[in-house]
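The next block holds one structure in the form of structure tokens; read it before the comments.
Protein chains: 2
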Amino acid sequence: MQSLKPYIESFNNFLKSIMKGLPESTLYDPVRYIMNTPGKRIRPSLGMLGCELFGGSSDDALPVALAVEVFHNFTLVHDDIMDDADIRRGKESVHVKYGNSNAILSGDAMMILSYDILKNYQDKVFTPLVKVLTETGLGLCEGQQSDMNFEEMEYVSIEDYLIMIEKKTSILLGASLKMGSIVGGAGQEDQEHLYQFGKYIGIAFQIHDDMLDVFGDDQKVGKIRCGDIINNKKTYLYLKALELADADQKSTLLSYYSHAPSDPTEKINKVLSIFKSLVVEEYANQLKEAYLHLGKSHLQAVNGNENVKTLLMDLADYLIARDL
Amino acid sequence: MQSLKPYIESFNNFLKSIMKGLPESTLYDPVRYIMNTPGKRIRPSLGMLGCELFGGSSDDALPVALAVEVFHNFTLVHDDIMDDADIRRGKESVHVKYGNSNAILSGDAMMILSYDILKNYQDKVFTPLVKVLTETGLGLCEGQQSDMNFEEMEYVSIEDYLIMIEKKTSILLGASLKMGSIVGGAGQEDQEHLYQFGKYIGIAFQIHDDMLDVFGDDQKVGKIRCGDIINNKKTYLYLKALELADADQKSTLLSYYSHAPSDPTEKINKVLSIFKSLVVEEYANQLKEAYLHLGKSHLQAVNGNENVKTLLMDLADYLIARDL
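Same order as they appear, the protein sequences are chains A and B.
Sequential numbering of the first sequence, starting at 28, is according to this note's numbering.
Sequential numbering of the second sequence, starting at 28, is according to this note's numbering.
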């Protein structure tokens with residue numbers, strides 16, 4: 028998104044300076060590696076905008092922006108080990124490049140680094156930042172655990188799925204905004220509205236991500252097309268399809284999702300044709316729009332700079348429209 | 028140690044109440060499992076005594092005691108995955124019992140929990156506690172990384188080994204005392220002396236641990252006798268032996284430490300006989316005593332309750348004399 032460019036540039040410069048300051052060692056090489064892969068920098072942007080919304084300079088929130096991005100990337104490093112995912116943003120995952128042990132340990136260091144990065148804020152800002160990061164971190168772990176548990180379960184309700192993605196994805200978006208707003212000096216009520224805005228657009232964003240995997244353009248997504256189908260991931264699309272399926276379709280879906288054939292072509296085609304016949308893409312779109320709308324209503328309620336609010340509205344639209 | 032009993036009892040009650048408060052879930056079951064294995068509770072004791080030393084009630088430091096113990100156990104959970112260690116305190120390691128993914132994730136949650144446990148302290152205490160925990164945590168990761176790197180190296184200097192164990196083991200003992208002292212209201216200088224006391228007895232403690240592995244009583248150690256020799260661990264004993272060895276002994280040691288035979292009996296016997304002929308146990312003992320002495324001189328310099336100081340002196344002696 029063009030209007031985010033100056034924020035992301037400022038963030039990348041800050042990132043570079045902090046990464047340079049880390050010792051040359053096998054512990055921090057993987058940290059530099061993943062932090063330099065071209066992420067979308069959504070969380071940093073949210074942190075910086077969350078601060079600017081209340082009259083602070085967006086640069087005041089650079090440590091918040093970096094802390095949430097490092098934290099996010101720590102979860103990617105560890106999740107990729109757990110999910111056995113070899114590719115991340117079109118490049119080798121950390122555990123493939125550096126081995127599992129180094130990936131576990133560097134991930135640990137990244138998590139602790141997130142706290143370290145915040146240390147120069149004054150006490151009255153530092154304390155609430157640490158508390159938001161901590162609460163969010165525990166939520167993320169709970170979300171990842173649910174995600175793993177769902178793999179072992181034949182049926183997962185759409186409600187449970189939405190709670191899982193809220194924890195695994197959305198609350199860190201909410202936290203990024205909230206932490207930025209704390210640096211900017213926002214009151215409790217505004218902090219909370221911003222958090223809710225981030226949370227709801229996060230859910231919309233994840234539903235969109237599920238759709239990207241199935242209907243997206245291969246190259247831009249940077250991972251294997253239909254990876255979720257190949258890996259029997261219980262996404263919204265799959266769960267909605269199961270809900271709408273007739274007996275035949277249901278047994279086809281359950282059977283395909285009970286194993287992983289070495290050549291997944293037939294599986295992908297059959298599942299896609301069921302998805303299409305049940306128009307689950309349309310349902311997903313509707314749900315995504317509903318969450319987007321809910322999120323925006325919270326942003327609307329915030330007492331903040333109107334230009335920045337417009338930018339955040341645009342960012343929300345951008346997040347759920349990219350690359351389809 | 029008999030005189031620590033009331034502290035440990037109080038700690039265990041607090042631990043129990045906090046563990047009960049965690050949700051019943053696959054994320055927190057491994058946390059309860061490892062936190063309930065019978066650890067020595069050295070770090071909690073240090074935290075509580077560090078507080079009492081300055082006139083605070085030792086119970087005021089219970090959250091510190093729990094935070095450092097949870098943090099310590101998080102490192103054990105992850106280290107056991109990296110080191111492929113199946114047994115911990117005589118029981119299955121977390122990753123053996125719950126699988127690698129759950130062990131990675133529950134370890135992550137434990138690290139974040141350590142921060143969460145501190146949240147009820149007032150800002151002016153909370154802030155320095157978080158900073159000590161964070162700095163220490165990064166040091167622990169660096170120590171574990173060095174330890175793993177040493178596995179790939181043929182020669183490691185004793186100096187580098189001592190830096191490694193300082194980071195991997197000792198600084199958390201120092202941090203436990205320091206964090207307790209912060210709760211107790213200690214001044215900067217006393218905090219620093221206490222930290223140094225903990226650091227030096229930690230180094231002595233680790234040298235003692237190296238000796239326990241080789242010369243200890245199997246049942247009490249709770250892990251396989253001579254596991255360090257079997258796993259080619261470059262402990263102080265091994266590095267000192269290499270330093271003192273003649274050409275023949277050196278090549279024997281290097282050759283035995285270059286692989287891991289399925290039946291290690293001969294290897295153990297040969298290595299032990301070299302250790303004995305070079306009296307490395309004596310050298311280790313001397314070094315251990317030197318660090319103990321250095322640590323105690325820092326404790327002596329602290330302006331605190333003399334009875335508690337005596338208890339800490341006794342604890343230091345106990346730590347490097349147990350179970351040999």
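Where a beta carbon is used, it is the ideal one built from N, C-alpha and C, also for glycine.
Starting from the C-beta of A:Y60, find all residues in its chain whose C-beta is less than 8 Å away, skip the five residues before and the five after it, and write them out in chain order. Numbered from 1 along the first sequence, position 33 holds the residue referred to as residue 60 of chain A. Contacts found: V121, K124, Y125.
Under 9 Å between C-beta atoms, does A:Q218 make it to chain B? Looking up residue 218 of chain A in the first sequence gives position 191. By this cut-off, A:Q218 is not an interface position.
If we ignore side chains and look at the alpha-carbon of each, how far apart do B:Q172 and A:N129 end up? Locating residue 172 of chain B in the second sequence gives position 145, counting from the first residue. Locating residue 129 of chain A in the first sequence gives position 102, counting from the first residue. For B:Q172 and A:N129, the distance between alpha carbons rounds to 8 Å.
Just verifying my parser: in three-state terms, what is the DSSP assignment at B:L351? As a working mapping, residue 351 of chain B is identified with position 324 in the second sequence. The pLDDT assigned to B:L351 is 49, lower than 50, so where the model puts this residue is not dependable; a value taken from the coordinates is nonetheless given after this. Residue state, collapsed to three classes: coil.
Are the beta-carbon atoms of A:D217 and A:D237 separated by less than 9 Å? Against the first sequence, residue 217 of chain A aligns to sequence position 190. Against the first sequence, residue 237 of chain A aligns to sequence position 210. Against a cut-off of 9 Å, the Cβ pair of A:D237 and A:D217 comes out as no contact.
Cβ-based neighbour list, B:L338, same chain, cut-off 7 Å, excluding 5 preceding and 5 following: In the second sequence, the residue the question calls residue 338 of chain B occupies position 311. Closer than 7 Å at Cβ, skipping near neighbours: S30, L76.
For A:G254, the first and last residue of its enclosing alpha helix (DSSP H): Here residue 254 of chain A refers to the residue found at position 227 of the first sequence. A:G254 -> alpha helix (DSSP H) spans 254-257.
With DSSP as the reference, label A:K260 as helix, strand or coil. Along the first sequence, one-based indexing puts residue 260 of chain A at 233. A:K260: coil per DSSP, three-state reduction.
Just curious, the alpha helix (DSSP H) that A:M109 is in, first and last residue? Sequence index remark: in the first sequence, residue 109 of chain A carries index 82 (1-based). 89-109 is the span of the alpha helix (DSSP H), which, as asked, contains A:M109.
Close Cβ partners of B:Y284 (< 6 Å) along its chain, the five nearest in sequence each way excluded: Position 257 of the second sequence, counting from 1, holds the residue named residue 284 of chain B. Result list for B:Y284: N259, in chain order.
Contact set between the region 146-157 of chain A and chain B, restricted to residues whose Cβ is under 8 Å from the partner: K146, D150, K151, F153, T154, V157
For B:H320, decide whether its Cβ has a neighbour in chain A, counting only Cβ atoms nearer than 9 Å. The count along the second sequence starts at 1 and reaches residue 320 of chain B at position 293. So no, B:H320 is outside the interface.
For B:L281, count the other beta carbons within 10 Å of its own beta carbon; 16 or more makes it buried, fewer makes it exposed. Which is it? Numbered from its first residue, the second sequence carries residue 281 of chain B at position 254. Its Cβ having fewer than 16 others within 10 Å, B:L281 is exposed.
Which residues in chain B sit within 7 Å of A:Q172, going by Cβ to Cβ distance? Here residue 172 of chain A refers to the residue found at position 145 of the first sequence. By Cβ distance, chain B contributes S52, T53, L54, L132.
Establish whether the CB of A:S128 and some CB of chain B are separated by less than 9 Å. Sequence index remark: in the first sequence, residue 128 of chain A carries index 101 (1-based). Taking Cβ atoms only, chain B reaches closer than 9 Å to A:S128, which makes this a yes.
For A:D174, does the count of other Cβ atoms within 10 angstroms reach 16, so buried, or fall short, so exposed? Here the question's residue 174 of chain A lines up with position 147 in the first sequence. Around the beta-carbon of A:D174, 16 or more other beta-carbon atoms lie within 10 Å, marking it buried.
What would DSSP say about B:R68, mapped onto helix, strand or coil? Residue numbering aside, residue 68 of chain B sits at position 41 when the second sequence is read from its first letter. Reduced to three states, the DSSP call for B:R68 is coil.
Based on the DSSP secondary-structure assignment, which residues constitute the bridge partners of B:K118? Here the question's residue 118 of chain B lines up with position 91 in the second sequence. Answer is B:R115, bridged to B:K118.
Please say whether A:G66 and A:V95 have beta carbons closer to each other than 9 Å? The residue given as residue 95 of chain A occupies position 68 in the first sequence. The residue given as residue 66 of chain A occupies position 39 in the first sequence. It is not a contact, given that the beta carbons lie outside the stated cut-off.
Mind checking whether the beta-carbon of A:N127 lies closer than 8 Å to any heavy atom of the ligand NAD? In the structure shown, the ligand NAD is absent, as is every other ligand, since no ligand is present at all.
With 16 other Cβ atoms within 10 Å as the buried cut-off, status of A:S72: Within the first sequence, numbered from 1, the residue matching residue 72 of chain A stands at position 45. So A:S72 counts as buried.
Taking the beta carbon of B:G201 as the centre, do at least 16 other beta carbons fall within 10 Å, making it buried, or is it exposed? Residue 201 of chain B sits at position 174 when you count from the first residue of the second sequence. By the 10 Å Cβ count, B:G201 comes out buried.
Compare the C-beta of B:D187 with all C-beta atoms of chain A and state if any pair is closer than 9 Å. Looking up residue 187 of chain B in the second sequence gives position 160. No, no contact with chain A.
Express the C-alpha separation of B:G170 and B:I192 in angstroms, rounding to a whole number. Along the second sequence, one-based indexing puts residue 192 of chain B at 165. Along the second sequence, one-based indexing puts residue 170 of chain B at 143. B:I192 and B:G170 have their alpha carbons spaced roughly 7 Å apart.
For the alpha helix (DSSP H) that B:M180 lies in, which residues bound it at each end? Against the second sequence, residue 180 of chain B aligns to sequence position 153. B:M180 -> no alpha helix (DSSP H), and no H or E assigned at all.
Could you check what DSSP says for A:N330 in three-state terms: helix, strand or coil? By 1-based counting over the first sequence, the position of residue 330 of chain A is 303. A:N330 falls in the coil class under three-state DSSP.
Within the continuous alpha helix (DSSP H) that includes A:N39, where are the two ends? Along the first sequence, read from residue 1 onward, the residue named residue 39 of chain A stands at position 12. Its alpha helix (DSSP H) spans residues 32-48.
Output the residue ranges of the alpha helix (DSSP H) runs that lie fully inside the region 176-246 of chain A and measure 4 residues or longer, sorted by chain position. 185-192, 198-211, 215-242
What in chain B is Cβ-close to A:H105, meaning under 8 Å? If you number the first sequence from 1, residue 105 of chain A lands on position 78. Contact note: A:H105 reaches chain B through I131, L132, D135, using a C-beta cutoff of 8 Å and chain order.
For A:L305 and A:A274, which I take to be in contact (beta-carbon distance under 8 Å), what is that distance rounded to the nearest angstrom? For the purposes of this step, residue 305 of chain A is taken as the residue at position 278 of the first sequence. For the purposes of this step, residue 274 of chain A is taken as the residue at position 247 of the first sequence. Between A:A274 and A:L305 the Cβ distance is about 14 Å, and since that is not below 8 Å, they are no contact.
Nearest candidate by alpha-carbon position, reference B:G229, set B:Y345, B:E51, B:G82: On the second sequence, residue 229 of chain B is found 202 positions in, with the first residue counted as 1. It is B:Y345.
Give me the Cβ distance between A:A136 and B:L89, rounded to the nearest whole Å; I'm assuming they're in contact under 8 Å. Within the first sequence, the letter at position 109 stands for residue 136 of chain A. Within the second sequence, the letter at position 62 stands for residue 89 of chain B. Contact flag wrong, Cβ pair sits at about 28 Å.
Would DSSP call A:H286 helix, strand or coil? In the first sequence, counting from the first residue as 1, residue 286 of chain A sits at position 259. In the structure shown, A:H286 sits in coil (DSSP, three-state: anything other than H, G, I, E or B).
Assuming A:N296 contacts A:L80 under a Cβ cut-off of 8 Å, what Cβ separation, rounded to an integer in Å, is found between them? Numbered from its first residue, the first sequence carries residue 296 of chain A at position 269. Numbered from its first residue, the first sequence carries residue 80 of chain A at position 53. With a Cβ gap of about 47 Å, A:N296 and A:L80 do not count as contacting.
Alpha-carbon spacing of A:H220 relative to A:G211, whole angstroms: Along the first sequence, one-based indexing puts residue 220 of chain A at 193. Along the first sequence, one-based indexing puts residue 211 of chain A at 184. Looking at the two C-alpha atoms, the distance is approximately 15 Å.
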